[in-house]
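Visitor: Below is one structure. I have some questions about it.
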Amino acid sequence: MKNLTIGLRVLIGSGIVLVLSVGLILPLAMAKLSELSNQAEQRELENLFVNLTEAIAAQGAQARALSAAIARNPDIQRAFAEGNRDRLIELTRPIFDYMHEHQGVQQFQFHQPPATSFLRVHMLEKYGDDLSAIRKTIVEANRTQSPISGLEKGVAGLGVRGVEPVPYEGRHIGVVEFGLSFGQAFFEHFKRRTGVDAALQITEDGGGFRTFAGTIQGSTLFSAEQLARILAGEILIQHRDYQGIPVAVYGRVVNDFSGQPVGVLELIGDRSATVATYHRALASILGTGVALLIVGLVIAWFIAQGIARSIRRTVESLDAIAQGDGDLTRRLDDQGRNELGDLARAFNAFADKIHALVSQISRATFELQGASEQLSTTSGETYRQVKVEQSETDQVATAINQMTATVEEVARHAAEASRVVQETSRAATHGDRLAQQTVEAIEAVAHEIEQAGQVVARLAADSREIGAVLDVIRGVAEQTNLLALNAAIEAARAGEQGRGFAVVAAEVRTLASRTQDSIQDIRHKIERVQSGSSEVVSVIETSQTHARGGVEQARQASESFQSISRFILGVHDMNTHIASAAEEQSAVAEEINRNIHVISRSVDETAAEADHLAQASRRLAQLAGEIQQAIGSFRI
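Following the UniProt record's numbering, the numbering of the sequence shown begins with 1 at its first residue and continues without gaps.
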């Protein structure tokens, strides 16, 4: 599109607009034409439906008029009231024969309340049957004593009925009914009169539909589903071909005398004329649309050519300014009062502004060139000073890094010392706890030694008591020995009689001697026990003295450990302060280091910007010269 001329663009745009307009208008016009055609067709079919139903109603009115004439005949009233069937036949049979031949009367009958057939003039042999279940018109007319007419199904099928109450001497005695012809002849007469085929589809007792009468070839042009919809109250129109011609099939429900549906009336209207008219109108609309499109394109072409000529003149003027000697004093003709005149005035205003701008730039370029050279010199000096600051900043950053490393080392040593102090504090606390346990153990040993001394003392006392007992036993043994000796002497004196006693005395003496020996042995052992007890008591006393000394020394050691723990806690606090101070100093040093790095980066950036500024200043001076040279090509 961007390579197309404006004239061609206008022509193409106008053509697209015209095509779209015609493309939108034609379908709308065709749709409206089709809608109007369908509406006219529907009105025509509805008028035909009304015409047919009015014909049915006219037959009902005729049947009711005939019934009314018969019901008011006095002779007929009297014969009906008296139940005189023969007299009633005599009066009515000639009437039926005439009406059947000339007016199409099919049924002529009398009914007693509620709906008992009294006389069928058209079928004399059949009477007396109860019609209450199938003849609602008779039941209703007898009940209300009012005339009724309309369609109704009876014994003979669907027909047009006219029922009239029959009074006699102020009382109701029954009804008289006329049934006119309603069947194939009715629909053939309707076709001859209107030229439209029609048929009545009625429902069957077992379901479905059947054709009651009609002039349509075939049973029906509607489906069973469509017939059911129409019977439910829907009006249906469909377009199709029938016997080679386009037709409109109209379907609508037909009601009986009470307003209940009895079937579907089907009308077929010829659409040949309507279709031909529609096609002629469509061809006319299409021809008009094409003609309008061609005329519109021609008009758009002339308009595009006029616009293109004006724009070409403007372009030629612009080329003269652009390709000439740069004469900014040249102007376009702006006398027109249209868009092109506005374009010329806008160009002249633009040229005036450019003229003033070029003049101003020309004056400012000289000043810019001098200022650029001075700025270039200043930028070079600034760059050199920034490089010196950059070197000094790098030295400060190096010193700060070294200080930061030293502070971090101090912090690590302080943390290590704090850790060692904590371990020493834990060891001193453990030693204090062991010293306390030693004191408690030594005190327990001293207590046990003291108890052992008491036991040994009791043992020595008991051994002394045993010695006294042994002395008594020894005395007894010596006495026993003496007694045994005396007994032996006496036994010897006694001779043979004292021999047994002498043996006993010898045994007693032997036992006394052994007792003395045992007592002597026990005494020696007791003396050794007493001697050992004395030594044990001496040793226990010495151990008690040593234990008390050990307890005192253990208490002193515990106090020393406690002093060490307090000292270590003080050292730990000092190390903690040192570590905290070192960490704070490290953080401060790190912050200083970061600031120095920021300053260093800023100095680097400043140096780079100063270098760029110097280069830009030189380039600016160069551009100022080029601008001055370019402006020199304009004539202002």
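Virtual Cβ for every residue (Gly too), placed ideally from N, Cα, C.
Could you please give me the residues that DSSP links to GLY150 through a beta bridge?
Guide: Within the sequence shown, residue 150 is the residue found at index 150, counting from 1. Paired residues: ARG161.
Visitor: Residues in its own chain within less than 7 Å of ALA502 by CB, not counting five upstream and five downstream?
Guide: Translated into positions along the sequence shown, residue 502 becomes position 502. Cβ neighbours of ALA502 beyond the five flanking positions: ALA488, ALA491 and ALA492.
Visitor: If distances are taken between C-alpha atoms only, which option among ALA276, GLY289 and GLN217 comes closest to GLU266?
Guide: Counting from 1 along the sequence shown, the entry for residue 266 is found at position 266. Measuring from the Cα of GLU266, the nearest candidate turns out to be GLN217.
Visitor: Assuming the contact rule is C-beta atoms closer than 8 Å, PHE110 and VAL50 should be a hit. Round their C-beta distance to whole Å, please.
Guide: For the purposes of this step, residue 110 is identified with residue 110 of the sequence shown, where counting begins at 1. For the purposes of this step, residue 50 is identified with residue 50 of the sequence shown, where counting begins at 1. The Cβ separation is near 34 Å, so there is no contact.
Visitor: Let me know the secondary structure DSSP gives LEU221 once reduced to three states.
Guide: What you label residue 221 is simply residue 221 of the sequence shown in a count that begins at 1. Residue state for LEU221 is assigned as coil, using DSSP reduced to three classes.
Visitor: Tell me whether the beta-carbon of ASN84 lies closer than 8 Å to the beta-carbon of PRO113.
Guide: Start at 1 with the first residue of the sequence shown, and residue 84 comes out as number 84. Start at 1 with the first residue of the sequence shown, and residue 113 comes out as number 113. Not a contact, by the Cβ cut-off of 8 Å.
Visitor: Whose C-alpha, out of THR329, ILE522 and THR377, is nearest the C-alpha of ALA356?
Guide: On the sequence shown, position 356 is the one that residue 356 refers to. That would be THR329, whose Cα lies nearest to the Cα of ALA356.
Visitor: Would you call the segment 178–187 and the segment 96–108 touching, i.e. three or more CB-CB distances under 8 Å?
Guide: Remark: three or more beta-carbon pairs, one from each stretch, lie closer than 8 Å, so the segment 178–187 and the segment 96–108 are flagged as touching.
Visitor: Which whole-angstrom value is the C-beta distance of VAL10 and ILE299, which I expect to be below 8 Å?
Guide: Counting from 1 along the sequence shown, the entry for residue 10 is found at position 10. Counting from 1 along the sequence shown, the entry for residue 299 is found at position 299. About 11 Å separates the two Cβ atoms, so there is no contact after all.
Visitor: Do you know whose CA, among HIS102, LYS153, GLN479 and ILE95, lies nearest VAL254's CA?
Guide: Indexing the sequence shown from 1 puts residue 254 at position 254. The shortest Cα separation from VAL254 among HIS102, LYS153, GLN479 and ILE95 belongs to LYS153.
Visitor: Going straight from the alpha carbon of ILE148 to that of PRO165, what length do you get?
Guide: Translated into positions along the sequence shown, residue 148 becomes position 148. Translated into positions along the sequence shown, residue 165 becomes position 165. For ILE148 and PRO165, the distance between alpha carbons rounds to 9 Å.
Visitor: Run through DSSP, which three-state label would GLN109 get?
Guide: As a position in the sequence shown, residue 109 is number 109, starting the count at 1. It is a strand residue.
Visitor: Beta-carbon within less than 8 Å of ASN73's beta-carbon, same chain only, minus the 5 sequence neighbours each way: which residues are those?
Guide: In the sequence shown, residue 73 corresponds to position 73, counting from 1. Once the five neighbours on either side are set aside, the close Cβ partners of ASN73 are LEU91.
Visitor: Which runs of the beta strand (DSSP E) fall wholly inside the segment 490–514 and span at least 3 residues, in chain order?
Guide: none
Visitor: Any C-beta of chain C sitting closer than 8 Å to the C-beta of ARG171?
Guide: Among the chains in the structure shown there is no chain C, since it carries only a single protein chain.
Visitor: Would you grab the beta carbon distance between ILE526 and ALA477 for me? Rounded to a whole angstrom, and I think it's under 8 Å.
Guide: Here the question's residue 526 lines up with position 526 in the sequence shown. Here the question's residue 477 lines up with position 477 in the sequence shown. Contact doesn't hold; Cβ gap of about 17 Å is too wide.
Visitor: Please return the same chain residues whose Cβ sits closer than 8 Å to the Cβ of ILE473, not counting the five positions on each side in sequence.
Guide: On the sequence shown, position 473 is the one that residue 473 refers to. Cβ neighbours of ILE473 beyond the five flanking positions: THR515 and ILE519.
Visitor: Does DSSP classify TYR98 as helix, strand or coil?
Guide: One-based indexing of the sequence shown puts residue 98 at position 98. Here TYR98 sits in helix by DSSP.
Visitor: Could you tell me whether the segment 271–286 touches the segment 26–39, where touching means 3 or more Cβ pairs closer than 8 Å?
Guide: Judged by Cβ distances under 8 Å, the segment 271–286 makes contact with the segment 26–39, as three or more pairs qualify.
Visitor: Look at ILE173 and VAL262 and say whether their C-beta atoms are less than 8 Å apart.
Guide: Mapped onto the sequence shown, residue 173 falls at position 173. Mapped onto the sequence shown, residue 262 falls at position 262. Against a cut-off of 8 Å, the Cβ pair of VAL262 and ILE173 comes out as no contact.
Visitor: Expressed to the nearest angstrom, what Euclidean distance is found between the alpha-carbon atoms of HIS614 and GLU605?
Guide: The sequence position of residue 614 within the sequence shown is 614, counting from 1. The sequence position of residue 605 within the sequence shown is 605, counting from 1. The identity of residue 614 in the sequence shown is Ala, whereas the question assumes His. Their Cα atoms are separated by approximately 14 Å.
Visitor: Closest by CA to GLY159, which one among ASP462, ALA607, THR480 and ALA63?
Guide: Translated into the one-based positions of the sequence shown, residue 159 becomes position 159. Of ASP462, ALA607, THR480 and ALA63, the residue nearest in Cα terms is ALA63.
Visitor: Select from GLN544, GLY550 and THR404 the residue whose C-alpha is nearest the C-alpha of GLU590.
Guide: For the purposes of this step, residue 590 is taken as residue 590 along the sequence shown, with counting starting at 1. When each option's Cα is compared against that of GLU590, the closest is THR404.
Visitor: Where residue 640 and ALA224 are concerned, what is the direct C-alpha to C-alpha distance, given to the nearest angstrom?
Guide: Residue coverage of the chain in this structure runs from 1 to 636, which leaves residue 640 outside it and unanswerable.
Visitor: Taking the C-alpha atoms as reference points, what is the distance between ARG312 and VAL290?
Guide: Stepping through the sequence shown from its first residue, residue 312 is reached at position 312. Stepping through the sequence shown from its first residue, residue 290 is reached at position 290. Distance between the alpha carbons of ARG312 and VAL290 is about 32 Å.
Visitor: So, at 7 Å on beta carbons, what are the nonlocal neighbours of residue 638 in its own chain, with the 5 sequence-adjacent residues on each side left out?
Guide: Limits of the chain in this structure are 1 at one end and 636 at the other, which puts residue 638 out of reach.
Visitor: Determine whether the beta carbon atoms of PHE187 and GLY214 lie at a separation below 8 Å.
Guide: Walking along the sequence shown from the start, residue 187 turns up at place 187. Walking along the sequence shown from the start, residue 214 turns up at place 214. Taking 8 Å as the cut-off, the beta carbon of PHE187 is found closer than this to the beta carbon of GLY214.
Visitor: Less than 8 Å separating the beta-carbons of ILE285 and MET30?
Guide: Residue numbering aside, residue 285 sits at position 285 when the sequence shown is read from its first letter. Residue numbering aside, residue 30 sits at position 30 when the sequence shown is read from its first letter. Contact check for ILE285 against MET30 passes: the beta carbons are separated by less than 8 Å.
Visitor: What is the rounded straight-line gap between the Cα of THR576 and the Cα of THR382?
Guide: Stepping through the sequence shown from its first residue, residue 576 is reached at position 576. Stepping through the sequence shown from its first residue, residue 382 is reached at position 382. When rounded, the distance between both Cα atoms is 49 Å.
Visitor: Please check the pair LEU45 and ALA232, which I expect to be a contact at CB under 8 Å, by giving their CB distance rounded to whole angstroms.
Guide: Along the sequence shown, one-based indexing puts residue 45 at 45. Along the sequence shown, one-based indexing puts residue 232 at 232. Actually they do not touch by this definition, with Cβ atoms about 19 Å apart.
Visitor: Per DSSP, what are the beta-bridge partners of GLY341 in this structure?
Guide: Position 341 of the sequence shown holds residue 341. The partner list for GLY341 (beta bridge, DSSP) is empty, contrary to what the question assumes.
Visitor: Is the separation between the beta-carbon of SER531 and that of ASN481 shorter than 8 Å?
Guide: Position 531 of the sequence shown, counted from the first residue, corresponds to residue 531. Position 481 of the sequence shown, counted from the first residue, corresponds to residue 481. Not in contact: SER531 and ASN481 (Cβ atoms no closer than 8 Å).
Visitor: Tell me which residues share the same chain as LEU227 and place their Cβ nearer than 8 Å to its Cβ, disregarding the 5 neighbours each side in the sequence.
Guide: Counting from one through the sequence shown, the residue named residue 227 turns up at place 227. Excluding positions up to five away in sequence, the list reads GLN201, PHE209, THR220, GLY251 and VAL264.
Visitor: Would ALA364 pass as a contact of HIS597 if the rule is Cβ separation under 8 Å?
Guide: Along the sequence shown, read from residue 1 onward, the residue named residue 364 stands at position 364. Along the sequence shown, read from residue 1 onward, the residue named residue 597 stands at position 597. No; because the gap between Cβ atoms is not below 8 Å, this pair is not in contact.
Visitor: If I follow the unbroken alpha helix (DSSP H) through GLU75, where does it start and stop?
Guide: Translated into positions along the sequence shown, residue 75 becomes position 75. Here residue 75 is Asp; the residue named in the question, Glu, does not match the sequence. 74–82 is the span of the alpha helix (DSSP H), which, as asked, contains ASP75.
Visitor: How about LEU52 and ALA198: do their beta carbons lie closer than 8 Å?
Guide: What you label residue 52 is simply residue 52 of the sequence shown in a count that begins at 1. What you label residue 198 is simply residue 198 of the sequence shown in a count that begins at 1. Yes, Cβ-Cβ distance for LEU52 and ALA198 is below 8 Å.
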